[in-house]
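A short worksheet on the structure shown next.
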Amino acid sequence: MMENVLARGQRIARDAEQRKVHDVAQQLRAMFGSAAVEVEEARVLVRGRGIIKRWLIDPSLRFLAGGLK
10 MMENVLARGQ RIARDAEQRK VHDVAQQLRA MFGSAAVEVE EARVLVRGRG
60 IIKRWLIDPS LRFLAGGLK
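Positions 10 to 78 (my numbering) are the ones given, in order, by the sequence shown.
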């Protein structure tokens with residue numbers, strides 16, 4: 010019975026993590042219209058021209074990932 014409870018808790022945590030990752034990806038897609046935003050398991054990858062420059066200029070981008078903690 011305890012194994013079932015642990016498995017359910019892990020499944021709920023994994024689902025919550027996936028929802029949060031997809032929320033961050035959606036926010037990034039809204040900010041970087043032309044950039045490619047990809048989700049791989051628990052990672053969000055952003056590719057495109059000018060990403061680093063924009064990240065350095067815009068403080069909201071630097072702290073966007075804080076929502077994942």
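Virtual Cβ for every residue (Gly too), placed ideally from N, Cα, C.
Whole-number beta carbon distance between residue j and residue i, since they are thought to touch under 8 Å
i      : j      : result
Val-53 : Ala-44 : Incorrect: roughly 11 Å between the Cβ atoms, too far for contact.
Val-48 : Ala-34 : 5 Å
C-alpha distance - residue i paired with residue j, whole-angstrom precision
i      : j      : result
Met-11 : Gly-18 : 11 Å
Trp-64 : Asp-32 : 18 Å
Ile-20 : Gly-57 : Per the sequence shown, residue 20 should be read as Arg rather than Ile. If I take the Cα positions, the gap works out to 34 Å.
Element boundaries [beta strand (DSSP E), containing residue i]
i      : result
Arg-56 : 52 to 56
Ala-34 : No beta strand (DSSP E) contains Ala-34, which is instead part of the alpha helix (DSSP H) from 11 to 40.
Ala-45 : 45 to 49
C-beta contact flag for residue i and residue j at 9 Å
i      : j      : result
Arg-38 : Val-46 : yes
Ile-61 : Phe-41 : no
Ala-51 : Gln-27 : yes
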